[in-house]
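Enquirer:
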Amino acid sequence: IALDGEPTSVAVNGNYLLVAVNTSSSFTTPAGKLSVYSLDNPSQPQWQADFNMGGQPDAIAVSPDGRYAAIAIENERDEDLNDGILPQLPAGNLQILTMGKDPSQWQQRSVDLRGLAHTAPSDPEPEYVAINRFNIAAVTLQENNHIVLVDLRRAMVINDFSAGTVDLFNVDTSEDDVINPVDTLLDRRREPDAITWLNNWWMVTANEGDYEDENGVQGGSRGFTVFSPFGKVRYESGASLEHALIRAGHYPESRSENKGIEPESVLAERFRHQEFLFVGSERANIVAVYKTDAWHKPELHQLLPTTIGPEGILAIPSRNLLVVSSEEDSAEDGFRSTVSLYQYGARQAPYPQIQSDPKQLIPWGALSGMAGDRQQADTMYAVPDSYYGESRIFRAQVSKQGTAVIKDALVLNKNGATVDYDLEGIAQRTDGSFWLVSEGNSGSRPNLLIKAGADGSILEEISLPAAVVAKQKSNGFEGVAVTGNGARETVYVAFQREWTDDPAGQVRIGVYRPASGDWSFFYYPLESTSTGWIGLSEITAIDDTTFVVIERDNQQGPAARVKRLYRFSIAGMTPAAEGETFPVLSKTLVRDLLPDMNATHGWTADKVEGTAITRDGEVYVVTDNDGVDDASGETRFMALGKLFR
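If you're matching positions, the sequence shown starts at -8 in the numbering used here and goes up one per residue.
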């Protein structure tokens, strides 16, 4: 439907579609309308009527009985004017439509919301509205940290109260590339965005925050709150939701100095005989699902991964569906705005497949390499890449169901100081210590093979020969494997893409022998692609002469084409030193990973990065969630069974 403005919100009432349209020419001359369309033919909606909103409409809600529509007229502020400090007139209000069969006969009324809030009484800036079955509208005045209740039948304010403040403990307030939830925020204004009615009596707010006051203090309390209609707090989530998302690998470290996970959307709805509360986190790309059998103590039920920037949540209980819209869209960067559908009725939650111990608070993310433990079949290790500082090794325990729990994090140290590597691979040695690889770039960061003790101490950093370093490009070490021990120990390193003078479509497998300190090389043949590039992202030893690698393109979503496991053997082959002709390996397809990655019908990640083979032969693969930065944040941990019997 072509519109002469910006659609900000939509609702359906029976056979009519209601569209709030912003037609403002400036912040000081806000304007908008509500356009009504007939859905007699849903494929060709027909315009029926326009209602002048007298300002910039934001959210719209329709009453359960279909009699009323309430539209929040925000008249949003200019955040570049006087640092966005309120008031900025003209003031917003609440518009009410009394609806019937004929839109031309609908009646429009206005409710003045000025003089209620303390922050800027003359500039309410209503943000969101929800209506219960008694036709009471709950309206959030986000920047004013205030909630207003309006009787729609009488078009009258019947109560209003401050949303108040929260004390937050064990949160991260520093953007230092390390998730470190040890800080405290006192008297944090809630500043709710969305609001919903729970059982038609209690109100639940998503406390996103949107205002920095004249003292430079930001609002937003990183959680949600249950209020009584009299303004009493009946439940406060505090930092508990943020902690749950830290454990799930979804915490956005790049937002720590702002408002953390920013809960923005909230909805209460009944599916079959169970009441649920859905809370959407704009920055963590998650919808948290709570059971509300006890309204005063919601119980976290599961987490639903979304694409980037979830905004709207719609429940369709009659079809057992939940619909989530995500707004972030960048064709250039490969991610798109989406609508996601979730169906109620699974026997167990399909996500997350990997998380940290619920009894601890172990931050993690951006997993870039894995390895099985040599002694314990249910134990594996993983490393994060350079998205995070203070490099570390995670130890995870794998269940018989194929899910994993991160039990602890071993922070690496060099002479007692933390280190910041770009770890891309890990392999355990026979004595329990580790080989790691850190990817270099074409600048100051070298590609390093690293020997680390079982206690996390850095024992040795090994560089490539100078003649090889001279050919270095930005895509370097991307996996490590080890065979043998003692004088027969041999380390294998996968290079992601071609370096200078390498043949097109062939990448190096480096071979390092610790006993002699010598490097030699094979060439591995890559698949071809017409879009983006293809490279290696992992190497794992199956036995002393056989290896499995991950070969992938750099495409995501529907554009993803190559995410595969290939096997190759070096039996009877001898690697060559730099300057000689490298033998070219032959590879065999083991598994196309796209069906596994798409099994949950979500967004396809571009970075499938780690492979682990456990002591009993089980194979696991993991994706890198890029630290939830311009990425969905979803980590797919996939149990593939015993592929190499």
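In this text, a Cβ means the ideal position worked out from N, Cα and C, and glycines have one as well.
(1) In the structure shown, what three-state DSSP assignment does A461 receive?
(2) On the CB-based measure, 16 or more other CB atoms within 10 Å of its CB, does Q351 come out buried or exposed?
(3) Taking the alpha carbon of E67 as the reference point, which residue from A40, L132 and Q39 has its own alpha carbon closest?
(4) Please state if the CB of G508 and the CB of V484 are separated by a distance shorter than 7 Å.
(5) Identify the residues that DSSP records as bridge partners of V162: which are they?
(6) Helix, strand or coil for I561, going by three-state DSSP, please let me know.
(7) Where in the stretch 517 to 554 do unbroken runs of the beta strand (DSSP E), each at least 3 residues long, occur, reported from the N-terminal end onward?
(8) If I'm right that A259 touches L268 with Cβ under 8 Å, what's the distance once you round it to whole angstroms?
(9) Look at the alpha carbon of Y226 and the alpha carbon of H287, and state the distance between them as a whole number of angstroms.
(10) Measuring alpha carbon to alpha carbon, tell me which residue in L236, E244, N191 and A337 is nearest V270.
(11) What are the start and end residues of the alpha helix (DSSP H) that includes I237?
(12) For A567, which residues in the same chain have their Cβ closer than 7 Å to its Cβ, ignoring the five residues on either side in sequence?
(13) Following the continuous beta strand (DSSP E) through D583, name the residue where it begins and the one where it ends.
(14) Can you list the beta strand (DSSP E) stretches of 3 or more residues lying completely in the stretch 193 to 259, in chain order?
(15) Helix, strand or coil for N406 per DSSP?
(16) Mapping DSSP to helix, strand and coil, what is R310?
(17) Measuring straight from C-alpha to C-alpha, what distance separates P48 and A11?
(18) Okay, do the stretch 148 to 155 and the stretch 170 to 184 touch, 3+ Cβ pairs below 8 Å being the bar?
(19) Which residues does DSSP list as the beta-bridge partners of V374?
(20) Whole angstroms is fine: what's the gap from V473's alpha carbon to S454's?
(21) Hey, would you say Q96 sits closer than 7 Å to T89, going by beta carbons?
(22) How many whole angstroms separate the CB atoms of P36 and I122, which I take to be in contact at a CB cut-off of 8 Å?
(23) Have a look at the DSSP bridge pairing and note the partners of F573.
(24) Which word fits P494, buried or exposed, when buried means at least 16 other C-beta atoms lie within 10 angstroms of its C-beta?
(25) Taking just the CA atoms, how far does K92 sit from N135?
(26) Mark T614 as exposed unless 16 or more other C-beta atoms lie within 10 angstroms of its C-beta, in which case mark it buried.
(27) Roughly how many angstroms separate the alpha carbons of E469 and N249, rounded to a whole number?
(28) Between the beta-carbon of G251 and the beta-carbon of E266, is there less than 7 Å?
(29) In whole angstroms, what is the alpha-carbon distance linking E542 and E199?
(30) Could you have a look at A128 and say whether DSSP puts it in helix, strand or coil?
(31) What separation, rounded to the nearest whole angstrom, lies between the Cα atoms of S29 and E290?
(32) Can you look up A478 in the DSSP assignment and give me helix, strand or coil?
(33) In the DSSP assignment, the beta strand (DSSP E) including Q293 goes from what residue to what residue?
Expert: This is what the structure gives:
(1) coil
(2) Counting Cβ neighbours within 10 Å, Q351 comes out exposed, since fewer than 16 surround it.
(3) Looking at the Cα atoms, L132 is the closest of the given residues.
(4) no
(5) D174
(6) coil
(7) Within the stretch 517 to 554, the complete beta strand (DSSP E) runs of at least 3 residues are 525 to 532 and 537 to 544.
(8) 5 Å
(9) 5 Å
(10) If we check each option's Cα against that of V270, L236 comes out closest.
(11) S231 to R238
(12) S511, F512, F573 and P574, listed in sequence order.
(13) K578 to D583
(14) Scanning the stretch 193 to 259 from its first residue to its last, the whole beta strand (DSSP E) runs of 3-plus residues come out as 193 to 197, 215 to 218 and 224 to 227.
(15) coil
(16) helix
(17) 6 Å
(18) yes
(19) The partner list for V374 (beta bridge, DSSP) reads G360.
(20) 17 Å
(21) Contact: no.
(22) Actually they do not touch by this definition, with Cβ atoms about 23 Å apart.
(23) BP columns for F573 are empty, so no partner.
(24) exposed
(25) 37 Å
(26) That one is buried.
(27) 33 Å
(28) Not in contact: G251 and E266 (Cβ atoms no closer than 7 Å).
(29) 40 Å
(30) In this structure, A128 counts as strand in the three-state DSSP scheme.
(31) 41 Å
(32) helix
(33) E290 to P296
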